[in-house]
Amino acid sequence: MRDLKTKKMIINALMLGIGAILHQITPALGLPMQPDFALAMLFIIIILNNGDYKTSLVCGIITGIFTALTTKFPGGQVPNMIDKIITVHVVVFIIYGLNKLKIMKSLEEKKRMTIMCGIILGIGTLISGLTFIYSANLIVGLPAPFMALFNTVVIPAVFINLVAGIILFKIVQTSIKRAMI
Numbered sequence: 000m001r002d003l004k005t006k007k008m009i010i011n012a013l014m015l016g017i018g019a020i021l022h023q024i025t026p027a028l029g030l031p032m033q034p035d036f037a038l039a040m041l042f043i044i045i046i047l048n049n050g051d052y053k054t055s056l057v058c059g060i061i062t063g064i065f066t067a068l069t070t071k072f073p074g075g076q077v078p079n080m081i082d083k084i085i086t087v088h089v090v091v092f093i094i095y096g097l098n099k100l101k102i103m104k105s106l107e108e109k110k111r112m113t114i115m116c117g118i119i120l121g122i123g124t125l126i127s128g129l130t131f132i133y134s135a136n137l138i139v140g141l142p143a144p145f146m147a148l149f150n151t152v153v154i155p156a157v158f159i160n161l162v163a164g165i166i167l168f169k170i171v172q173t174s175i176k177r178a179m180i
């Protein structure tokens with residue numbers, strides 16, 4: 000039992016580190032904002048831990064700290080922390096809801112995880128982006144109108160995170176499966 004918890008903590012830490020590195024090296028999309036691959040890794044951690052609240056919250060706080068340290072948005076440190084904590088709560092709630100659906104229970108594990116990953120990556124990135132630009136607007140102001148940022152940064156980031164996140168999820172799933180053999 001203890002061995003399993005240690006293994007889970009190590010895997011989570013590795014994925015958080017990979018997410019932080021991806022966040023650091025990702026270029027900004029025109030304006031001083033960027034797709035958040037650390038967020039995609041956070042969602043993968045939450046999905047693999049099946050929405051475990053404590054693990055999700057701790058990983059969300061750590062991801063918030065990492066993204067605050069590596070943000071390219073002027074004054075984006077606090078909005079990064081706020082958006083990760085709010086997003087974690089929403090995503091955990093969505094996972095609990097999805098796990099209650101009979102149709103999700105009837106699917107085989109691999110399909111269920113892929114569908115859940117797609118839903119969480121899309122909705123979670125949208126919630127995170129909206130929370131970030133809303134809190135940034137309140138705290139430090141925005142370099143462009145809210146709707147302009149939503150259309151030019153958040154929507155593209157949702158699609159980028161969705162595609163990249165599903166690819167990352169498949170890589171992580173395969174790596175974990177091979178490591179367990």
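Residue numbers are given in numbering that gives the first Met the number 0: position 55 of the sequence shown equals residue 54, and the series is strictly consecutive.
Cβ atoms here follow ideal geometry from the backbone N, Cα and C, with glycine treated the same way.
Asked	Found
Distance, Cα to Cα, residue 12 vs residue 40?	11 angstroms
Give me, in chain order, the residues of the same chain whose beta-carbon lies closer than 6 angstroms to that of residue 103; leave out the 5 immediate sequence neighbours on both sides.	97 and 111
Is the distance from the Cβ of residue 62 to the Cβ of residue 37 below 9 angstroms?	yes
Measuring only the C-alpha atoms, how far is residue 145 from residue 90?	23 angstroms
Can you name the start and end residues of the alpha helix (DSSP H) that residue 108 belongs to?	108-138
If you run the structure through DSSP and keep just helix, strand and coil, what is residue 184?	Lying outside 0 to 180, the shown extent of the chain, residue 184 is not represented and no answer is given.
Over what stretch of residues does the alpha helix (DSSP H) that includes residue 176 continue unbroken?	154-179
Who are the near neighbours of residue 136 in its chain, counting only those whose CB is closer than 8 angstroms to its CB and skipping five residues on each side?	145
Would you tell me roughly how many angstroms separate the C-alpha atoms of residue 170 and residue 130, rounded to the nearest one?	28 angstroms
How long is the line joining the alpha carbons of residue 24 and residue 80, rounded to whole angstroms?	19 angstroms
Please classify residue 78 as buried or exposed, where buried requires at least 16 neighbouring CB atoms within 10 angstroms.	buried
Are residue 14 and residue 60 close, meaning C-beta to C-beta below 9 angstroms?	no
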